[in-house]
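Visitor:
In the working numbering, the protein residues as written are 49 to 154.
1) Contact between the region 88-97 and the region 126-146 is defined here as three or more beta-carbon pairs at a separation below 8 Å; is this criterion met?
2) What separation, rounded to the nearest whole angstrom, lies between the Cα atoms of residue 110 and residue 61?
3) Suppose you measure from the CA of residue 102 to the CA of residue 49; what does that come to, to the nearest Å?
4) Where DSSP assigns a beta bridge to residue 90, which residues make up the other side?
5) Could you name the residues that DSSP lists as bridge partners for residue 55?
6) Candidates 58, 98, 66 and 84: which alpha carbon is nearest residue 125's?
7) Rank 97, 116, 104 and 121 by C-alpha distance to the C-alpha of residue 59 and give the top, closest one.
8) Less than 7 Å between C-beta atoms, sequence neighbours within five positions excluded: which residues of the same chain meet that for residue 55?
9) Pick from 71, 139 and 100: whose alpha carbon is nearest that of residue 108?
10) Specify the secondary structure class of residue 136 as computed by DSSP and reduced to three states.
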(Lines of atoms letter the chains of each structure in order from A; the text may use other names.)
(Lines give C-alpha, C1' and ligand atoms only; values in the text may rest on other atoms or scores of the structure.)
Protein backbone atom coordinates (compact mmCIF):
# COMPACT_ATOMS: atom_id res chain seq x y z
CA UNK A 49 0.00 0.00 0.00
CA UNK A 50 1.27 3.49 -0.88
CA UNK A 51 0.54 6.39 1.45
CA UNK A 52 0.65 9.86 -0.09
CA UNK A 53 1.07 12.50 2.64
CA UNK A 54 0.98 16.24 1.99
CA UNK A 55 1.67 19.12 4.40
CA UNK A 56 0.47 22.62 3.47
CA UNK A 57 0.50 26.19 4.77
CA UNK A 58 -2.39 28.35 3.59
CA UNK A 59 -2.30 32.09 3.03
CA UNK A 60 -3.22 33.87 6.26
CA UNK A 61 -6.34 35.37 4.71
CA UNK A 62 -7.73 31.99 3.63
CA UNK A 63 -11.04 31.37 5.40
CA UNK A 64 -11.89 28.15 7.21
CA UNK A 65 -14.79 27.70 4.78
CA UNK A 66 -12.40 27.86 1.81
CA UNK A 67 -10.04 25.38 3.48
CA UNK A 68 -12.88 22.93 4.16
CA UNK A 69 -14.11 23.37 0.58
CA UNK A 70 -10.74 22.51 -1.00
CA UNK A 71 -10.37 19.44 1.19
CA UNK A 72 -13.86 18.32 0.22
CA UNK A 73 -12.88 18.73 -3.44
CA UNK A 74 -9.86 16.51 -2.79
CA UNK A 75 -12.09 13.99 -1.00
CA UNK A 76 -14.48 14.03 -3.99
CA UNK A 77 -11.65 12.69 -6.16
CA UNK A 78 -12.40 9.28 -4.60
CA UNK A 79 -15.54 9.10 -6.75
CA UNK A 80 -13.61 9.99 -9.91
CA UNK A 81 -10.52 7.93 -9.12
CA UNK A 82 -11.57 4.62 -7.59
CA UNK A 83 -7.92 3.65 -7.00
CA UNK A 84 -7.84 6.28 -4.24
CA UNK A 85 -8.56 4.00 -1.27
CA UNK A 86 -8.89 6.57 1.51
CA UNK A 87 -8.52 10.25 2.33
CA UNK A 88 -8.28 12.24 5.54
CA UNK A 89 -7.04 15.66 6.61
CA UNK A 90 -6.50 17.68 9.75
CA UNK A 91 -5.17 20.83 11.38
CA UNK A 92 -1.76 20.67 13.06
CA UNK A 93 -2.07 20.32 16.84
CA UNK A 94 1.38 19.18 17.96
CA UNK A 95 4.26 20.78 19.82
CA UNK A 96 5.32 24.32 18.86
CA UNK A 97 8.95 23.19 18.47
CA UNK A 98 7.95 20.74 15.73
CA UNK A 99 5.54 23.04 13.93
CA UNK A 100 7.72 24.05 10.92
CA UNK A 101 4.92 26.33 9.68
CA UNK A 102 2.60 23.76 8.12
CA UNK A 103 -1.05 24.35 9.05
CA UNK A 104 -2.71 21.22 7.68
CA UNK A 105 -1.86 17.75 6.51
CA UNK A 106 -3.77 15.35 4.36
CA UNK A 107 -3.15 11.85 3.18
CA UNK A 108 -4.55 9.29 0.84
CA UNK A 109 -3.77 5.66 0.19
CA UNK A 110 -3.39 3.61 -2.97
CA UNK A 111 -2.82 -0.10 -3.50
CA UNK A 112 0.51 0.49 -5.26
CA UNK A 113 2.80 3.09 -6.83
CA UNK A 114 1.27 2.66 -10.28
CA UNK A 115 -2.18 3.66 -8.99
CA UNK A 116 -0.65 6.65 -7.18
CA UNK A 117 1.17 7.69 -10.35
CA UNK A 118 -2.05 7.49 -12.37
CA UNK A 119 -3.72 9.69 -9.76
CA UNK A 120 -0.94 12.30 -9.93
CA UNK A 121 -1.42 12.93 -13.66
CA UNK A 122 -5.22 12.56 -13.77
CA UNK A 123 -6.82 15.80 -15.10
CA UNK A 124 -9.17 16.12 -12.09
CA UNK A 125 -6.26 15.83 -9.66
CA UNK A 126 -4.29 18.40 -11.64
CA UNK A 127 -7.30 20.77 -11.56
CA UNK A 128 -7.84 20.46 -7.80
CA UNK A 129 -4.10 20.55 -7.13
CA UNK A 130 -3.77 23.81 -9.07
CA UNK A 131 -6.60 25.32 -7.03
CA UNK A 132 -4.99 24.13 -3.78
CA UNK A 133 -1.60 25.58 -4.70
CA UNK A 134 -3.21 28.96 -5.46
CA UNK A 135 -4.41 29.05 -1.83
CA UNK A 136 -0.99 28.39 -0.31
CA UNK A 137 1.21 30.97 1.39
CA UNK A 138 3.90 32.22 -1.01
CA UNK A 139 5.84 33.90 1.83
CA UNK A 140 8.75 32.40 3.75
CA UNK A 141 9.83 28.82 3.35
CA UNK A 142 8.05 26.14 1.36
CA UNK A 143 4.29 25.98 1.85
CA UNK A 144 3.86 22.50 0.37
CA UNK A 145 5.60 19.23 1.18
CA UNK A 146 4.69 15.77 -0.11
CA UNK A 147 6.02 12.44 1.16
CA UNK A 148 5.04 9.06 -0.23
CA UNK A 149 5.97 5.64 1.07
CA UNK A 150 5.09 2.06 0.31
CA UNK A 151 4.17 0.02 3.39
CA UNK A 152 5.08 -3.18 1.53
CA UNK A 153 8.70 -2.07 1.28
CA UNK A 154 9.28 -1.70 5.02
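Built from N, CA and C at the ideal position, the CB exists for glycine as well. None of the values given here were measured: they were computed from a predicted structure.
Guide: Quick answer:
1) Contact between the region 88-97 and the region 126-146 is absent, because fewer than three Cβ pairs lie under 8 Å.
2) So the alpha carbons of these two residues sit roughly 33 Å apart.
3) Residue 102 and residue 49 have their C-alpha atoms roughly 25 Å apart.
4) Under DSSP, residue 90 takes part in a beta bridge, and its partners are 105.
5) According to DSSP, which records beta bridges pairwise, residue 55 is partnered with 105 and 145.
6) Residue 125 has its Cα closest to that of 84, out of 58, 98, 66 and 84.
7) When only C-alpha atoms are compared, the closest one is 104.
8) Its chain contains 102, 105 and 145 as the residues whose beta carbon lies nearer than 7 Å to that of residue 55, once the 5 sequence neighbours on both sides are disregarded; these appear in chain order.
9) The shortest Cα separation from residue 108 among 71, 139 and 100 belongs to 71.
10) Strand.
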